[in-house]
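9 is the number of the first residue of the sequence shown in the numbering used here; add one for each residue after it.
For glycine and all other residues, C-beta sits at the position ideal for the given N, C-alpha and C.
None of these values were measured; they are calculated from a predicted model.
To start, the structure under review is shown below, and the notes come after it.
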Amino acid sequence: MSLPYYLKVGRASDLKDPKERKIFRALEILPGALSWLTLATVVLLSWLKPTWVAIFIISFIIYSLIRNVYFSFHLSACYKQMRKNEEINWIKELEALPAARWRDIYHLIIIPRYKEPLEILRSSFKSLLESDYPKDRMIIVLSCEEGAGQEAKDAIKAIEREFKSKFFKLLITYHPDNLPGELAGKGSNDAWGSRKAKELIIDLLKIPYENIIVSSFDADTCVFPKYFSCLTYHFLTTPKPLRSSFQPIPFYINNIWHAPPISRIFAFSASFWQMTCQERWEKLITFSSHSMSFQALVDVEFRQTNVVQDDSHIFWQCFLKYNGDYKVVPLYYPISMDANVASNFFQTMKNVYKQQRRWAYGMGEIPYYLFAFWKNKKITLSKKFFWGGVVLEGNWSWATNSIMVFLLGWLPLVIGGEFFSKTLLSHNLPILTSRLLTLTMIGLVVLAYFTVVLLPPRLPDCGKKKYLFFVSEWFLLPIIMIFFTALPALDAQTRWMTGRYLGFWPTPKIRK
9 MSLPYYLKVG RASDLKDPKE RKIFRALEIL PGALSWLTLA TVVLLSWLKP
59 TWVAIFIISF IIYSLIRNVY FSFHLSACYK QMRKNEEINW IKELEALPAA
109 RWRDIYHLII IPRYKEPLEI LRSSFKSLLE SDYPKDRMII VLSCEEGAGQ
159 EAKDAIKAIE REFKSKFFKL LITYHPDNLP GELAGKGSND AWGSRKAKEL
209 IIDLLKIPYE NIIVSSFDAD TCVFPKYFSC LTYHFLTTPK PLRSSFQPIP
259 FYINNIWHAP PISRIFAFSA SFWQMTCQER WEKLITFSSH SMSFQALVDV
309 EFRQTNVVQD DSHIFWQCFL KYNGDYKVVP LYYPISMDAN VASNFFQTMK
359 NVYKQQRRWA YGMGEIPYYL FAFWKNKKIT LSKKFFWGGV VLEGNWSWAT
409 NSIMVFLLGW LPLVIGGEFF SKTLLSHNLP ILTSRLLTLT MIGLVVLAYF
459 TVVLLPPRLP DCGKKKYLFF VSEWFLLPII MIFFTALPAL DAQTRWMTGR
509 YLGFWPTPKI RK
């Protein structure tokens, strides 16, 4: 059965019905409008009702302090479970399952590739080869962009020569440029590779779809040794494996020793956030590299090719296809990818901003699923309200929280008027906010600790003193939260709001 038309919408202009197009367009405007309205309101109230704003900012900082403690506990709990999962002999656990059914499970690994250097591809393939899962049950698809150039094609040929005989199957595909209805990017390339794998390998060999776990990896993704055995165990022991995605913890540490400070903090911040998300599994959505049933991928007609936000979009495709009967299972097991590094410092900062904006551009899921909620009457109201609130609040906080903390600590003092400036609250506001913000900085100690324990082995050209830099760099976090987190998110939401849509921006991969 074909998917309903409203599950194939990428933006409002894809809809033919004028009424539906207006509704979808209003939903595209909603997140940005909420964020800008919030910021405008706090500025206006700082002028008209400075006392209200002063009380609000004190309460808000206390809330942020409690929230930091809450997330620190989640981070610690996730770390302990992850280390435990790294120690488990998952092959032994699989052998203990009834009839050792795990031997029938194939892993289909899709690696979309643009212009990543040969050394990055080689390290990713070596990690697959060094994993503990039988290689005669691994199908690798390296899906390349046709327009990537001759140098990229030469790198592919080198990979094919080196690894073709090491796995059950290694398929090289070339995704054509400018296919009708497609938006060039990772999602469309991934969908092309998945379809080719189905056509040229899976259907020819008559491998049951329900016996295939498909993993979508970035070109720089390196799996840890027990990833596929851990994944297979969770797949076989999850009550509804065909209605589940499986999310590892992404660590951006492949090149972390040579990344600039802000890039390092950004990389660890993203990793730590994903660790806390593993603990809040009821709110977990697929992000970056992840795995799922091939049967589910076929049911939703593969990844949608007219969207930028493909990593989370596949979750919503499945969630809506199965009328809300779909979830993401946390694996508490790591994979690693590259931190954002360019040829020089300023280009790295530019790329960090663009990468964060691309991630924040995923707020385009909000109009997609809210519109589908309106059309789909089979999803329960409780699930609609839950997911509607969770994702909308998350994107709103992403764009506004850091800016509000920065503004409200001083704005009422500047524009609150003479009467407010003479109040006791006015005199105590800077002192209170300063002390409360200092308390929230205690959480940096926790982040610094996990930074050190999660670092890969130190490289020969990196002295021991570099550990001190890794710890002290966390004091840059307030700057990062404003200029490399909130502003890119606000930028992305504003682009949706004004109809200045973005295409897919592939993060350049450079290792020094």
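Kindly indicate which three-state DSSP category Met-449 falls into: helix, strand or coil?
-> Within the sequence shown, numbered from 1, the residue matching residue 449 stands at position 441. It is coil, neither helix nor strand.
Could you check how far apart the C-beta atoms of Ile-167 and Leu-129 are, in whole angstroms? I think they sit under 8 Å.
-> Your numbering for residue 167 matches position 159 in the sequence shown. Your numbering for residue 129 matches position 121 in the sequence shown. The pair is a contact, with the Cβ atoms about 5 Å apart (cut-off 8 Å).
Ser-351 burial status per 10 Å Cβ neighbour count (16 or more: buried) = Counting from one through the sequence shown, the residue named residue 351 turns up at place 343. Label assigned to Ser-351: exposed.
Where in the stretch 317 to 360 do unbroken runs of the alpha helix (DSSP H), each at least 4 residues long, occur, reported from the N-terminal end onward?
-> 318 to 329
Pairwise C-alpha distance: Gly-189 and Lys-143 | Sequence index remark: in the sequence shown, residue 143 carries index 135 (1-based). Sequence index remark: in the sequence shown, residue 189 carries index 181 (1-based). Going by the C-alpha atoms only, they are around 36 Å apart.
Could you tell me which residues DSSP pairs with Val-222 in its beta bridges?
-> Start at 1 with the first residue of the sequence shown, and residue 222 comes out as number 214. Partner(s): Leu-116 and Met-300.
Proximal residues to Asn-331 (C-beta, below 8 Å), its chain only, five neighbours per side dropped | Locating residue 331 in the sequence shown gives position 323, where the first residue counts as 1. Contacts found: Asn-384, Lys-386 and Ile-387.
Give the DSSP-derived three-state secondary structure of Glu-426 in the structure shown.
-> On the sequence shown, residue 426 is found 418 positions in, with the first residue counted as 1. Note: Glu-426 maps to helix in three-state DSSP.
Pairing CB atoms from the stretch 54 to 65 with CB atoms from the stretch 259 to 268, are three or more of them under 8 Å?
-> no
Please state if the CB of Ser-151 and the CB of Arg-121 are separated by a distance shorter than 8 Å.
-> By 1-based counting over the sequence shown, the position of residue 121 is 113. By 1-based counting over the sequence shown, the position of residue 151 is 143. Their beta carbons are under 8 Å apart, which means Arg-121 touches Ser-151 by this criterion.
Any idea if Pro-58 is buried or exposed, counting beta-carbon neighbours within 10 angstroms, 16 or more meaning buried?
-> To locate residue 58, count along the sequence shown from 1; it is residue 50. It is buried - the Cβ of Pro-58 has at least 16 other Cβ atoms within 10 Å.
Taking contact to mean at least 3 C-beta pairs separated by less than 8 Å, is the stretch 208 to 218 in contact with the stretch 322 to 330?
-> no
Near the ligand FMN: Arg-29 beta-carbon under 7 Å from a heavy atom = Absence of the ligand FMN is noted for the structure shown, with no ligands found whatsoever.
Same chain, Cβ closer than 6 Å to Gly-417, neighbours up to 5 away in sequence not counted | Start at 1 with the first residue of the sequence shown, and residue 417 comes out as number 409. Counting only Cβ-Cβ distances below 6 Å, and skipping sequence neighbours, we find Thr-441.
Please classify Val-399: does DSSP put it in a helix, a strand, or coil?
-> Your numbering for residue 399 matches position 391 in the sequence shown. Helix, per DSSP.
Local Cβ density within 10 Å of Phe-477, reported as buried at 16 or more and exposed below that | Here residue 477 refers to the residue found at position 469 of the sequence shown. Looking at its Cβ environment, which holds fewer than 16 other Cβ atoms inside 10 Å, Phe-477 is exposed.
Quick one: what's His-183 bridged to in DSSP?
-> Numbered from 1 along the sequence shown, position 175 holds the residue referred to as residue 183. According to DSSP, His-183 bridges with Glu-153.
Out of Gly-511, Thr-493, Ile-31 and Leu-415, state which residue places its alpha-carbon closest to the alpha-carbon of Ser-54.
-> As a working note, residue 54 is residue 46 in the sequence shown. Answer by Cα proximity: Leu-415.
Measure how close the beta-carbons of Gly-193 and Val-316 come, nearest whole angstrom, since I'm counting them as under 8 Å.
-> Against the sequence shown, residue 193 aligns to sequence position 185. Against the sequence shown, residue 316 aligns to sequence position 308. Going by Cβ atoms, the distance from Gly-193 to Val-316 rounds to 6 Å, so yes, they are a contact pair.
What's the C-alpha gap between Lys-362 and Thr-431?
-> The sequence position of residue 362 within the sequence shown is 354, counting from 1. The sequence position of residue 431 within the sequence shown is 423, counting from 1. About 44 Å.
Name the DSSP beta bridge partners of Phe-477, please?
-> As a position in the sequence shown, residue 477 is number 469, starting the count at 1. According to DSSP, which records beta bridges pairwise, Phe-477 is partnered with nothing at all.
In DSSP terms, what Phe-6 is bridged to = The requested residue 6 does not occur in the structure, where the chain is confined to residues 9 to 520.
Quick one: measure Cβ to Cβ for Ile-118 and Ser-223, integer angstroms, because I've assumed they're closer than 8 Å.
-> Locating residue 118 in the sequence shown gives position 110, counting from the first residue. Locating residue 223 in the sequence shown gives position 215, counting from the first residue. Correct: roughly 7 Å between the Cβ atoms.
How many whole angstroms separate the CB atoms of Ile-113 and Asn-219, which I take to be in contact at a CB cut-off of 8 Å?
-> Numbered from its first residue, the sequence shown carries residue 113 at position 105. Numbered from its first residue, the sequence shown carries residue 219 at position 211. Rounded, the Cβ-Cβ distance is 6 Å, consistent with contact.
Which residue comes first and which comes last in the alpha helix (DSSP H) that contains Pro-269?
-> Taking the sequence shown and counting its residues from 1, the one referred to as residue 269 is at position 261. Residues 269 to 287.
Quick one: using the 10 Å Cβ neighbour count with 16 as the cut-off for buried, is Leu-23 buried or exposed?
-> Within the sequence shown, numbered from 1, the residue matching residue 23 stands at position 15. When all chains shown are included, Leu-23 counts as buried.
Enumerate in chain order the residues of its own chain whose CB-to-CB distance from Glu-127 is below 8 Å, with the five nearest sequence positions on each side excluded.
-> Stepping through the sequence shown from its first residue, residue 127 is reached at position 119. The answer, listed in chain order, is Arg-519.
Which residues does DSSP pair with Arg-121 in a beta bridge?
-> Translated into the one-based positions of the sequence shown, residue 121 becomes position 113. Its beta-bridge partners are Cys-152.
Would you decide whether Tyr-71 is buried or exposed? Buried here means 16 or more other CB atoms lie within 10 Å of its CB.
-> Looking up residue 71 in the sequence shown gives position 63. Burial call: exposed.
Spatial neighbours of Leu-305 in its chain, beta-carbon cut-off 8 Å, leaving aside the 5 residues before and after | For the purposes of this step, residue 305 is taken as the residue at position 297 of the sequence shown. Ser-202, Val-222, Arg-311 and Ile-322, listed in sequence order.
Could you check which residue in Leu-419, Val-231 and Gly-157 has the C-alpha nearest to that of Asp-346?
-> As a first step, residue 346 is located in the sequence shown; it is residue number 338 there, counting from the start. Nearest of Leu-419, Val-231 and Gly-157 to Asp-346, Cα basis: Val-231.
The alpha helix (DSSP H) with Arg-75 in it runs from where to where?
-> For the purposes of this step, residue 75 is identified with residue 67 of the sequence shown, where counting begins at 1. 58 to 95 is the span of the alpha helix (DSSP H), which, as asked, contains Arg-75.
Throw me the rounded Cβ distance for the Asp-228 and Lys-517 pair, which I believe falls under 8 Å.
-> The residue you call residue 228 lines up with position 220 of the sequence shown. The residue you call residue 517 lines up with position 509 of the sequence shown. With 8 Å as the limit, Asp-228 and Lys-517 qualify as a contact, their Cβ atoms being about 5 Å apart.
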